[in-house]
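Numbering follows my numbering, in which position 207 of the sequence shown is assigned residue number 597; successive positions increment by one, without gaps.
Glycine included, each C-beta is placed from N, C-alpha and C at the ideal position.
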Amino acid sequence: MAKRLVEVFDTTLRDGLQVEGVTATVDDKLRIAEQLDLLGVHFIEGGWPGANPKDIEFFARAQHELSLTTSTLVAFGSTRRPRGRSDDDATLRNLIEANTSAVCIVAKSSEYQVVEALKTSLDEGAAMIADSVRFLHGEGRQVLVDLEHFFDGYQENPEFSLRAIEAAVVNGATHLVLCDTNGGTLPHEIGRIVADVKSHVGNDAIVGIHCHDDTGCAVANSIAAVEAGAGHVQGTLNGLGERTGNTNLSTVIPNLQLKMGYDCLPEGRIQRLTSISHHVAETLNRAVDPQAPFVGSSAFAHKAGLHVSAIVRAKDAYEHVDPESVGNGTRFVVSEMAGRATIQMKADEIGIELDGAQINEVIDDLKRLEHEGYQFEAADASLELLMRRALGSSAGGVPEFFRVESMRVITDELPGGAFSTEATVKVWVGTDGPDGDVAQRHVWTAEGNGPVNAIDSALRKAIGEALPQVAGIHLVDYKVRILDGATATGATTRVLLTATDGQRDWTTIGVSPNIIEASWRALEDSLVFGLLHHRPR
């Protein structure tokens, strides 16, 4: 028996950009559309042509710069104005000029919205839908209709909501998308109402669902709608959207396809879900929640020793699906709760061999350091260095690239209130190590826009001649957390520092009551890790 198809309609490029703090250039939108096509969604809603210069440019460029192989690009708009004519309505005309094969229009399907928001009659509300669909269909466009506030309207006056549906269907709409615009409907209500609509519509059009997450139920509501007969799900990648967001396609797609057997994406595409989710997140500068289901970095991360021991014996003991089925992977997080199995698996993952005594040393160091405030599940690079240092001078250990004799930071307040920061570093370094025949003592002073920047600049200058590969290592993020705020300015500080070489990112940690010392420890580990993986072969 063939799986039932559930179409995926992505509205990241419109709804997803309505969340606070998120914006995208036209180039960003074009690149995201390419990624969504690679994922294999059926429809990509590109925006509202005519609403702003950015969307006008997007649709103009899309005609020449996008070569979609799987997805259909959709222009979004609304029905004609009350008491207006479809053939001279600016919004409808812009939809035609966007030159997409499919269009999606939002229509009022709630009596309250028609009467109070549009200030018109129910007869005119239905006519606006009918005229707009007929016009767009007559222009050769596939027409999808987003029935706004449908669930609220249906519960208040089902007769008009069904009348709105009929106005769309009889005039050529292929999709009737029921929208939980306020996000306040619960799954049992969604299922009942979608079943009613499906019974009423039959096979005359595809029933779809569009949910907002104001109750935290958008994914559950979408699943309930599909179970009740919906064959089309709208949402955004990573759940972006105004207020609390839209249905998260990164969650609902694998639930429908892997858990429930529906056919949502073309064969082999769901394995791209994690990488594309993160690619889009980076483009929009809105990182994926580490604990996001399926695609988060912690979705298949295991920390407790008991869990890890079980996974060694049976991989599915604490994983509800194979992580690789969505392009993610199992990750073993090492902490003070780690047992021997966890350390051994982490060593295997890194590619080093630890004997029993070395594993015990790592466990003891972890417990001691985490008691001091370290947290290695957030600092992958510092953890690797800790484990490699247990090897001592044997193969796989950590060479001493440089040795710092001393470090000093001075901050001055200048006339006018500005501040100046200067760091001085004394370091031994050479191409054969700090104790080699050509090692020299360097003293460098550098200014920066803060103590961390000044220290980083001074250290790089001091070791750069002997270790030129340091030039390819760049700091990209710096986070500070106060661990015991009750002690006020005497509190212990945890610093997390993320660096990159352009190919991979890594994070190191430093902890101290002195924020400069904590930053220095994280910075030194960051450079050592980068040098370790970029040694001349």
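Fill in: Beta-ladder partner(s) of Y868, from DSSP
Along the sequence shown, read from residue 1 onward, the residue named residue 868 stands at position 478. L887, per the DSSP bridge assignment.
Exercise. Would you kindly work out how many angstroms separate the C-alpha atoms of L663 and L759, rounded to a whole number?
Key: On the sequence shown, residue 663 is found 273 positions in, with the first residue counted as 1. On the sequence shown, residue 759 is found 369 positions in, with the first residue counted as 1. In a straight line, the C-alpha of L663 is about 36 Å away from that of L759.
task: Look at the Cβ atom of S909, then the Cβ atom of V842, and state whether they are nearer than 8 Å.
output: Counting from one through the sequence shown, the residue named residue 909 turns up at place 519. Counting from one through the sequence shown, the residue named residue 842 turns up at place 452. It is a contact, given that the beta carbons lie within the stated cut-off.
Is there contact between the segment 541 to 556 and the segment 482 to 492, where contact requires at least three CB pairs shorter than 8 Å? no
Nearest-angstrom Cα separation, counted from I845 out to M797: Locating residue 797 in the sequence shown gives position 407, where the first residue counts as 1. Locating residue 845 in the sequence shown gives position 455, where the first residue counts as 1. Roughly 8 Å between the two C-alpha positions.
| message | With H, G and I counted as helix, E and B as strand and the rest as coil, what does DSSP make of K757? | response | For the purposes of this step, residue 757 is taken as residue 367 along the sequence shown, with counting starting at 1. DSSP places K757 in helix when its eight states are reduced to three.
Quiz item: Taking the continuous beta strand (DSSP E) assigned at V678, which residues delimit it?
Solution: In the sequence shown, the residue the question calls residue 678 occupies position 288. Here V678 belongs to no beta strand (DSSP E), and DSSP marks it neither H nor E.
Below 8 Å, how does it come out for the segment 533 to 541 and the segment 555 to 566: are there three or more Cβ pairs, yes or no?
yes
* To do: Could you tell me which residues DSSP puts in a beta bridge with G598?
  => Position 208 of the sequence shown, counted from the first residue, corresponds to residue 598. Its beta-bridge partners are V567, H622.
*Three-state secondary structure (DSSP) at K393?*
Here residue 393 refers to the residue found at position 3 when the sequence shown is read from its first residue. Three-state result, K393: coil.
Can you give the Cα-Cα distance for P577 and T510, rounded to whole angstroms? Mapped onto the sequence shown, residue 577 falls at position 187. Mapped onto the sequence shown, residue 510 falls at position 120. Answer to the nearest angstrom: the Cα atoms are 32 Å apart.
Item to check | Within 8 Å, strictly: CB atoms of V584 and A620 | outcome: Counting from 1 along the sequence shown, the entry for residue 584 is found at position 194. Counting from 1 along the sequence shown, the entry for residue 620 is found at position 230. A contact, by the Cβ cut-off of 8 Å.
| said: As a quick exercise: from L395, H924, L426, pick the residue whose alpha carbon is nearest that of T673. | reply: Against the sequence shown, residue 673 aligns to sequence position 283. The shortest C-alpha separation from T673 is found at L426.
- Can the beta-carbon of H432 be found less than 8 Å from the beta-carbon of T462? For the purposes of this step, residue 432 is taken as the residue at position 42 of the sequence shown. For the purposes of this step, residue 462 is taken as the residue at position 72 of the sequence shown. The answer is yes: Cβ separation under 8 Å.
Cβ-based burial, T413 [other Cβ within 10 Å; buried from 16]:
Start at 1 with the first residue of the sequence shown, and residue 413 comes out as number 23. T413 comes out exposed.
Subject >> Spatial neighbours of S847 in its chain, beta-carbon cut-off 6 Å, leaving aside the 5 residues before and after >> reply: Working through the sequence shown from its first residue, we reach residue 847 at position 457. Hits under 6 Å: A836, G838.
- Message: So within the segment 444 to 522, which uninterrupted alpha helix (DSSP H) runs reach at least 4 residues, ignoring any that extend past its ends?
- Response: 480 to 487
- Residue environment, L799, which counts as buried when at least 16 other CB atoms sit within 10 Å: As a position in the sequence shown, residue 799 is number 409, starting the count at 1. For the sequence presented, residue 799 should be read as Val rather than Leu. Buried is the call here.
How close, in whole Å, do the beta carbons of L913 and I899 come, if the pair is a contact with beta carbons under 8 Å?
-> Indexing the sequence shown from 1 puts residue 913 at position 523. Indexing the sequence shown from 1 puts residue 899 at position 509. No, L913 and I899 are not in contact; Cβ-Cβ is about 11 Å, not under 8 Å.
Query - Exposure of E410, with buried meaning 16 or more beta-carbon neighbours within 10 Å - result: Your numbering for residue 410 matches position 20 in the sequence shown. Exposed, because fewer than 16 other Cβ atoms sit within 10 Å of the Cβ of E410.
Q: Report yes or no: do three or more beta-carbon pairs, one from the segment 610 to 627 and one from the segment 394 to 401, lie closer than 8 Å?
A: yes
query: Q408 to W818, Cα distance in whole Å?
result: Position 18 of the sequence shown, counted from the first residue, corresponds to residue 408. Position 428 of the sequence shown, counted from the first residue, corresponds to residue 818. Cα to Cα, Q408 sits roughly 53 Å from W818.
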